[in-house]
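**Q** Dumping the structure here so I can ask a few things about it.
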Amino acid sequence: MTTDEMADLRKLRYNSTVVHLDQVHPDLMVLRVKPDFPRPAYLAGQYCALGLGNWEARVEGCQAETLKPEDLSKLVRRSYSISSSIYQQPGHLRDMAQDDFVEFYIVLVRENFDGRVPALTPRLFALKPGDRLSMGEKIVGHFTSELVKPGENVVLLGTGTGEAPHNAIVWDLLRKGHTGNIVQACCVRLRKDLGYFDTHRQLMEQFPNYKYLGLTTREPGMTRKVYIQDCITSGELEEALGAPLDPAKTHVYLCGNPKMIGVPVKDKQTGVRNYPEPTGVIEILEKRGFQADNAATKLKGNIHFEEYW
Ligand SMILES: Cc1cc2nc3c(=O)[nH]c(=O)nc-3n(C[C@H](O)[C@H](O)[C@H](O)COP(=O)(O)OP(=O)(O)OC[C@H]3O[C@@H](n4cnc5c(N)ncnc54)[C@H](O)[C@@H]3O)c2cc1C
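Just so it is clear: in the sequence shown, position 231 is 222 by the working numbering, and no numbers are missing.
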């Protein structure tokens, strides 16, 4: 494809600009995107699509991709939760209504062992401030804090960039002066994978009802080698929450790796909900009286979840 053809496709297919890019490390970034259209209203926790053309360059060191010539001019789109850096400046929460951009927290998937070659993140990580891309005009999703009542406790458990919507929800609760206790735990491999860690430290100093647990699985020292499930069964989560995990007054949010979440699958013949192996958080909490949302039956419980794949 010629440079002129690429320029024409970008003009035709892109509707947004990268206005800020914070590369936490080569495989993790906070990206702010300003759409050409008025930024749609959205609820904390929702997501939208980002897209780039197959003609764009990919960063080095990723699984090789072979494209058919007819696919070269196509756009590849994926869903991304809207994140929040929470603070405008130290001590002052953002006024997101004033922001003309949307913030995303994205990890580079270098290799996909599930089959298809990662198509979008190797291209997103080649972006620079000022570059253009496509952003979906609809911001959607049910993973929001609308059901949380004043004074209820909120627990947000994520893996990796599954922290993104939790940051938006934490921002939303704190700016509304939520009085219940809020605990966020995020499980990553290494300390450097906690891209918003300093923000959470500041929040804990400012808001006595907010606690953040950064859990690292491959780097003992910062915490211990621990997974989200261990953190619940050991009692560490309740200790951080400063209260028992009481289904009557606690909402739990789960986001990221489906294995951590562990959504049960209903057996079509028996109607029995079977929990997957290894044990996920939904199984642990449902055995303690919590109830996960169920999109099929439209049941709204007190465990809300967003699977990233
Ligand atoms: C509702 C929703 C919101 C999402 N929000 C985010 C977000 O805020 N930040 C984000 O980084 N990703 C998010 N994702 C995942 C995102 O849509 C893409 O799947 C991901 O960026 C990989 O895209 P890709 O084209 O490079 O690879 P794909 O070809 O899409 O490869 C998908 C594979 O990559 C792996 N993978 C996908 N996402 C992740 C991840 N976050 N961490 C580790 N491994 C992953 C899994 O093995 C998955 O099978 C979200 C997904 C959904 C459904």
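We treat Cβ as the ideally placed atom computed from N, Cα and C, and that holds for glycine.
For clarity, every value in this text was computed on a predicted model and none was experimentally measured.
Return the CA-CA distance between residue 77 and residue 127, expressed in angstroms with no decimal places.
**A** 23 Å
**Q** Alpha carbon to alpha carbon, how far is residue 143 from residue 263? Give it in angstroms, no decimals.
**A** 31 Å
**Q** Could you have a look at residue 222 and say whether DSSP puts it in helix, strand or coil?
**A** The DSSP-derived three-state label of residue 222 is helix.
**Q** Compute the Euclidean distance between the alpha carbons of residue 27 and residue 7, then round it to the nearest angstrom.
**A** 5 Å
**Q** Let me know the beta strand (DSSP E) ranges lying completely inside the region 219 to 273, each 3 residues or longer, listed in chain order.
**A** Runs of the beta strand (DSSP E) spanning 3 or more residues and lying entirely within the region 219 to 273 occur at 241 to 247, in chain order.
**Q** For the region 121 to 195, which segments carrying the beta strand (DSSP E) assignment without a break, of at least 3 residues, lie completely within its bounds, in sequence order?
**A** 123 to 126, 144 to 150 and 173 to 179
**Q** Return the chain-ordered list of same chain residues with a C-beta closer than 6 Å to the C-beta of residue 130, the five sequence neighbours on each side being excluded.
**A** 31, 33, 37 and 39
**Q** Does at least one heavy atom of ligand 1 sit under 7 Å from the Cβ of residue 148?
**A** no
**Q** Give the DSSP-derived three-state secondary structure of residue 26 in the structure shown.
**A** strand
**Q** When the Cα of residue 110 is compared with those of 203, 55 and 71, which residue comes out closest?
**A** For residue 110, the nearest C-alpha among the options comes from 55.
**Q** Quick one: what does DSSP say residue 275 is sitting in, helix, strand or coil?
**A** helix
**Q** Since residue 136 and residue 5 should fall inside the 8 Å C-beta cutoff, what is the C-beta to C-beta distance between them, to a whole number of angstroms?
**A** Between residue 136 and residue 5 the beta-carbon gap is near 32 Å, outside 8 Å, which marks them as no contact.
**Q** Would you mind giving the Cβ-Cβ distance between residue 220 and residue 152, rounded to the nearest angstrom? I have them listed as a contact below 8 Å.
**A** Incorrect: roughly 19 Å between the Cβ atoms, too far for contact.
**Q** Residue -1 by DSSP, collapsed to three states: which one?
**A** helix
**Q** Tell me the DSSP secondary structure of residue 4 in three-state form.
**A** helix
**Q** By alpha-carbon positions, which one of 185, 299 and 218 ends up nearest to residue 254?
**A** 299
**Q** Within a Cβ cutoff of 7 Å, which residues of the same chain sit near residue -8, ignoring the five residues on either side of it in sequence?
**A** 46 and 63
**Q** Please name the residue or residues paired with residue 82 in a DSSP beta bridge.
**A** DSSP output for residue 82 lists no bridge partner at all.
**Q** Determine, using beta carbons only, whether residue 150 and residue 182 come nearer to each other than 8 Å.
**A** no
**Q** When you compare each of 21, 118 and 49 to residue 98 by their alpha carbons, which one comes out closest?
**A** The option with the nearest alpha carbon to residue 98 is 21.
**Q** Going residue by residue through the region 26 to 52, where are the continuous beta strand (DSSP E) segments of at least 3 residues, counting only ones entirely within it?
**A** 38 to 44
**Q** If I follow the unbroken beta strand (DSSP E) through residue 114, where does it start and stop?
**A** Where residue 114 is concerned, there is no enclosing beta strand (DSSP E), although the alpha helix (DSSP H) it sits in stretches over 112 to 115.
**Q** Let's see if you can read the secondary structure: which residues bound the beta strand (DSSP E) around residue 298?
**A** Here the beta strand (DSSP E) through residue 298 covers 294 to 298.
**Q** Can you list, in chain order, the residues of its chain whose CB lies under 7 Å from that of residue 0, leaving out five sequence neighbours each side?
**A** 44, 46 and 64
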